[in-house]
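Just add 765 to the spot in the sequence shown (first one is 1) and you have the working numbering. For every residue, glycine included, the Cβ atom is placed at its ideal position computed from N, Cα and C. Below: the structure, in structure tokens.
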Amino acid sequence: MIALVWLFLRQEMRFNFRSPLSYLVQLVLAVVSLSIYWFTSQALTGLHVEWGGGDYFSYLVIGEIALILPLAICHSFILAIRVFAYEALLDELLLSPRSPLLNFSLFSLAILARAVLQVVLTILLAQIFFGFSFKWAQLGGFLILQSAAVPMFLALAWFAGSVFLKFGRGEGMLNHLLEILTVFAGAYFPLTVLPSAIRKALESLSPFARFLEAVRQVFAGDLTHLWASALTMGLVGVSCATIAWLTFHLSVESLRRSGAPNFSHS
């Protein structure tokens, strides 16, 4: 299993970093992105952001680093299905008595490794060049919440993968949905600016909003609810992942009877 993940990771790195210049480009893009956040925060100096964790730049950076991995989980699983389909391996997987879920998940791990590196790079650059600061206890709390939330976002990815695998389309709609969920998770503005009914609905239903709110509390120095939040997200995630796992297997069984669909870019 580890050898297969390593193979996928090497292919992923070879595809995205074809030359040493590619690493420099990624570094420059990360600095440019943080610079946009910085100058935006400077333009909005004096903006009152109700989160208790510092200036607007820190608010944006925390939203960025918190959502990189959850979004990568959702995107990578769909990408894995598409890659296997385009490489004409999907039919072979469907004919195998084993579920293709493991293969798709292992391929996703290779992409997630790059997402983890992106999180680390963003934190380091924000700290070195833009004065982003945090305490080690806050970083530890952040890692605990990220780990606890993985099953929750895996469940979302498996649900989306079930639909995509069944119908061969919907990737574009999923991307738009993730963009909307990111914005209304509070990545760029506090949810308190929204009407009360919409805010409560997002806080109750959006896994991105619930997760990001817990992360912001940690970086604001409030660790009192850390373990309660982590336990809640973990239990919800495991429950949803179990349902998603069953849903995915039902889609696979259906495809084994009817055959794989033609995959489109819609």
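Three-way DSSP call (helix, strand, coil) for residue i in this model
i	result
A985	coil
P955	coil
D820	coil
P960	coil
P972	helix
S1019	helix
G828	helix
S898	coil
P865	coil
Sequence-distant residues of the same chain with beta carbon closer than 7 Å to residue i, five excluded per side
i	result
P916	G999, G1002, V1003, A1006
I830	V884, T887, I888
Euclidean distance between Cα positions of residue i and residue j
i	j	result
L908	S971	20 Å
F804	F895	11 Å
S806	F822	5 Å
G733	V983	Any answer about residue 733 is impossible in this case: the structure gives the chain only from 766 up to 1031.
L910	L789	31 Å
N868	D820	43 Å
P835	T957	23 Å
L1020	W901	48 Å
A979	Y851	39 Å
L792	F897	17 Å
Alpha helix (DSSP H) segment containing residue i, residue limits
i	result
P916	901-932
L854	No alpha helix (DSSP H) contains L854, which DSSP labels as neither H nor E.
H990	Run containing H990: none; DSSP gives neither H nor E here.
Cutoff 6 Å; reference residue i; Cβ partners in own chain excluding five residues on either side
i	result
W923	A1009, F1013
Rounded Cβ spacing between residue i and residue j (contact assumed at less than 8 Å)
i	j	result
A845	S873	5 Å
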